[in-house]
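Trainee:
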Amino acid sequence: MFEKIHQSIDLSPAIRALEIGEYERALSWSEQAVDQYWKQGDPRAGDAFAVYSLASRAGGRRESVFRELGDLPDQCVYRLTKATLELAREFSSNWCVEALSDLWLLLGQRYGEDSKLACQVKAAIKEKSFDFDPAASVDPQLDANRIALRQQEILRLEVKKQMEQACEETIALARDLAAGGHYKEAVECYRSAIEGSSQLKDPTSRIAALRECGIFFDRIGQFEQSESLLRIAASVAKKARKREAYAEILASLGSCLFHMGNIESAKKALYQSLKQLGLAHEKSAPVLKHLDSINRGVTCDCERLHGGPVANIVDGTVIEVV
Ligand SMILES: [Zn+2]
-6 MFEKIHQSID LSPAIRALEI GEYERALSWS EQAVDQYWKQ GDPRAGDAFA
44 VYSLASRAGG RRESVFRELG DLPDQCVYRL TKATLELARE FSSNWCVEAL
94 SDLWLLLGQR YGEDSKLACQ VKAAIKEKSF DFDPAASVDP QLDANRIALR
144 QQEILRLEVK KQMEQACEET IALARDLAAG GHYKEAVECY RSAIEGSSQL
194 KDPTSRIAAL RECGIFFDRI GQFEQSESLL RIAASVAKKA RKREAYAEIL
244 ASLGSCLFHM GNIESAKKAL YQSLKQLGLA HEKSAPVLKH LDSINRGVTC
294 DCERLHGGPV ANIVDGTVIE VV
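Sequential numbering from -6 applies to the sequence shown in our numbering.
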């Protein structure tokens, strides 16, 4: 009996299963751990819940595990948040962003979106959700809640005249809209972020808005629009002497040019980016992959990774940069 409890409350096999992609196993192990801790009134139920929520999203579950939950004690929510943030560092998949978003909604509803825990989770989402996957299935309810929360946050920041933060939040909203398949709305949002950022002294938000919008157009197969925005982003970054941002934009531009079939220009941008980023930089991996594809004369796997271009959805849309 003791052994059984001991085995089921050890979370490491569940975490290992998650790491190696055995999501079903991770789910059943973590579920047992949640049960055991919960019955014992042990706050470590929060740790187990963190693994469980990640495993359920990883396994393809389309709604938040927190919905079926009653009132968790504060201590348990605190541990759940800490454990999720720690685990989330290890994973970069879309399901990780989904699990973080579930948690963010829970914390926002419970303690308010300005609460320290909600802000920590939001920062982790921002960091992770950059590589959105347009093909990913998103829970429409979660999607709608998150979008509404972001819209409120933008209004609040605008009223307080915190325009830089409002701009960052608008970019995050555009990213969420894109991830949820709302491409037209995403474009409108990017457009508003680009316009808003042109008024700001610090070029950081402007560079981010232009670059992310450029990447968005690349992902949906509108390469000309993507190239033009990325070139503007590159020139703003260069002028502002933001070396790292500049190198990252060149990486995105190189990929976009490659997708367009403009191999010589792609090669130039990719090599230039690599030279500045250095081989050890985490953003060098996609650069190396594209250079490898060029050298071997094969196509890259971006389409497979991102579900392929979604042509014509926002056709005719042109973002005029002011
Ligand atoms: Zn590619």
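Heads up, the beta-carbon is just placed ideally off N, CA and C, and yes, glycines get one too.
When you compare each of S46, V58 and V314 to A202 by their alpha carbons, which one comes out closest?
Mentor: For the purposes of this step, residue 202 is identified with residue 209 of the sequence shown, where counting begins at 1. Selected option, being the one with the closest Cα: V314.
Trainee: If D40 sits next to A76, beta carbons under 8 Å apart, how far is it from one beta carbon to the other, in whole angstroms?
Mentor: Sequence index remark: in the sequence shown, residue 40 carries index 47 (1-based). Sequence index remark: in the sequence shown, residue 76 carries index 83 (1-based). Rounded, the Cβ-Cβ distance is 4 Å, consistent with contact.
Trainee: Which residues mark the beginning and the end of the alpha helix (DSSP H) in which R82 is found?
Mentor: For the purposes of this step, residue 82 is identified with residue 89 of the sequence shown, where counting begins at 1. From DSSP, R82 is part of no alpha helix (DSSP H); its letter is neither H nor E.
Trainee: Pull up the distance between the alpha-carbon of L284 and that of K260, whole angstroms please.
Mentor: Walking along the sequence shown from the start, residue 284 turns up at place 291. Walking along the sequence shown from the start, residue 260 turns up at place 267. When rounded, the distance between both Cα atoms is 7 Å.
Trainee: H175: beta carbon under 8 Å from a heavy atom of ligand 1?
Mentor: Counted from its first residue, the sequence shown places residue 175 at position 182. No.
Trainee: When DSSP labels each residue in this structure, what does T74 get in the three-state scheme?
Mentor: Here residue 74 is taken as the residue at index 81 of the sequence shown, counted from 1. Here T74 sits in helix by DSSP.
Trainee: Could you give the DSSP three-state label for R236: helix, strand or coil?
Mentor: By 1-based counting over the sequence shown, the position of residue 236 is 243. In the displayed model, R236 falls within a helix according to three-state DSSP.
Trainee: Applying the criterion that 16 or more other CB atoms from any shown protein chain within 10 Å of the CB defines a buried residue, is D95 buried or exposed?
Mentor: Here residue 95 refers to the residue found at position 102 of the sequence shown. Sixteen is the threshold: when 16 or more other Cβ atoms of the shown chains lie within 10 Å of the Cβ of D95, as they do, the residue is buried.
Trainee: With 16 other CB atoms within 10 Å as the buried threshold, where does E24 fall?
Mentor: To locate residue 24, count along the sequence shown from 1; it is residue 31. Its Cβ being crowded by 16 or more others within 10 Å, E24 is buried.
Trainee: Taking a contact to mean a Cβ-Cβ separation below 9 Å, would you say I118 touches V90 in this structure?
Mentor: What you label residue 118 is simply residue 125 of the sequence shown in a count that begins at 1. What you label residue 90 is simply residue 97 of the sequence shown in a count that begins at 1. Yes, the Cβ-Cβ distance between I118 and V90 is below 9 Å.
Trainee: Exposed or buried, what is V280 when buried is set at 16 or more other beta-carbons lying within 10 Å of its beta-carbon?
Mentor: Taking the sequence shown and counting its residues from 1, one reaches residue 280 at position 287. If you draw a 10 Å sphere on the C-beta of V280, you find 16 or more other C-beta atoms in it, and that means buried.
Trainee: Check whether the Cβ of D285 lies closer than 8 Å to any heavy atom of ligand 1, and answer yes or no.
Mentor: Here residue 285 refers to the residue found at position 292 of the sequence shown. D285: no, Cβ never under 8 Å from ligand 1.
Trainee: If you follow the alpha helix (DSSP H) that A172 is part of, which residue opens it and which one closes it?
Mentor: Indexing the sequence shown from 1 puts residue 172 at position 179. It spans M156 to A172 - the alpha helix (DSSP H) in which A172 sits, taken as one unbroken run.
Trainee: Near K(-3), what residues of its chain come up, given a Cβ to Cβ distance below 8 Å and the 5 sequence neighbours on each side ignored?
Mentor: The residue you call residue -3 lines up with position 4 of the sequence shown. With a pLDDT of 38 at K(-3), under the threshold of 50, the modelled position of this residue cannot be trusted, and the question is left open.
Trainee: Which of helix, strand or coil does DSSP assign to G189?
Mentor: Along the sequence shown, read from residue 1 onward, the residue named residue 189 stands at position 196. It is helical.
Trainee: Please report the Cβ distance between R199 and V229, rounded to the nearest whole angstrom; I am assuming they are in contact, meaning their Cβ atoms lie under 8 Å.
Mentor: Walking along the sequence shown from the start, residue 199 turns up at place 206. Walking along the sequence shown from the start, residue 229 turns up at place 236. Confirmed, Cβ separation roughly 6 Å.
Trainee: Check whether the Cβ of S248 sits closer than 8 Å to any heavy atom of ligand 1, and report yes or no.
Mentor: Taking the sequence shown and counting its residues from 1, one reaches residue 248 at position 255. It does: the Cβ of S248 is within 8 Å (strictly closer) of some heavy atom of ligand 1.
Trainee: Give the secondary structure of C112 by DSSP, where H, G and I count as helix, E and B as strand, and everything else as coil.
Mentor: Position 119 of the sequence shown, counted from the start, is the residue given in the question as residue 112. C112 falls in the helix class under three-state DSSP.
Trainee: On the premise that W31 lies in contact with A7, defined as a C-beta separation below 8 Å, what is that separation, rounded to the nearest angstrom?
Mentor: Taking the first residue of the sequence shown as 1, we reach residue 7 at position 14. Taking the first residue of the sequence shown as 1, we reach residue 31 at position 38. With 8 Å as the limit, A7 and W31 do not qualify as a contact, their Cβ atoms being about 15 Å apart.
Trainee: Taking the Cβ atom as the reference point for each residue, do F216 and Y183 lie within a distance shorter than 9 Å?
Mentor: In the sequence shown, counting from the first residue as 1, residue 216 sits at position 223. In the sequence shown, counting from the first residue as 1, residue 183 sits at position 190. No, the Cβ-Cβ distance between F216 and Y183 is not below 9 Å.
Trainee: What residue from R82, E83, F84 and Q113 has the CA that sits closest to W97's CA?
Mentor: Along the sequence shown, read from residue 1 onward, the residue named residue 97 stands at position 104. Checking every option, the nearest Cα to that of W97 belongs to Q113.
Trainee: For Q265, I'd like the list of residues in its chain whose CB is within less than 7 Å of its CB, leaving aside the five on either flank, ordered along the chain.
Mentor: As a working note, residue 265 is residue 272 in the sequence shown. Closer than 7 Å at the Cβ level, and outside the excluded window around Q265, lie L243.
Trainee: Within 10 Å of its beta-carbon, does L148 have 16 or more other beta-carbons around it, so buried, or fewer, so exposed?
Mentor: Your numbering for residue 148 matches position 155 in the sequence shown. L148 comes out exposed.
Trainee: Could you work out which residue in K231, C206, R234 and I164 is closest to S221 when comparing CA atoms only?
Mentor: The count along the sequence shown starts at 1 and reaches residue 221 at position 228. Per the Cα distances, C206.
Trainee: Classify V44 as buried or exposed, calling it buried when 16 or more other Cβ atoms lie within 10 Å of its own Cβ.
Mentor: Locating residue 44 in the sequence shown gives position 51, where the first residue counts as 1. By the neighbour-count rule (16 or more Cβ atoms within 10 Å), V44 is buried.
Trainee: Got a sec: does ligand 1 put a non-hydrogen atom nearer than 8 Å to the Cβ of D169?
Mentor: As a working mapping, residue 169 is identified with position 176 in the sequence shown. False, no ligand heavy atom lies under 8 Å from that Cβ.
Trainee: Quick one: using the 10 Å Cβ neighbour count with 16 as the cut-off for buried, is S57 buried or exposed?
Mentor: In the sequence shown, counting from the first residue as 1, residue 57 sits at position 64. By the neighbour-count rule (16 or more Cβ atoms within 10 Å), S57 is buried.
Trainee: Can you tell me whether F251 sits near ligand 1, meaning its C-beta is under 8 Å from at least one heavy atom of the ligand?
Mentor: Here residue 251 corresponds to residue number 258 of the sequence shown, with the count starting at 1. Result yes, Cβ under 8 Å from ligand 1.
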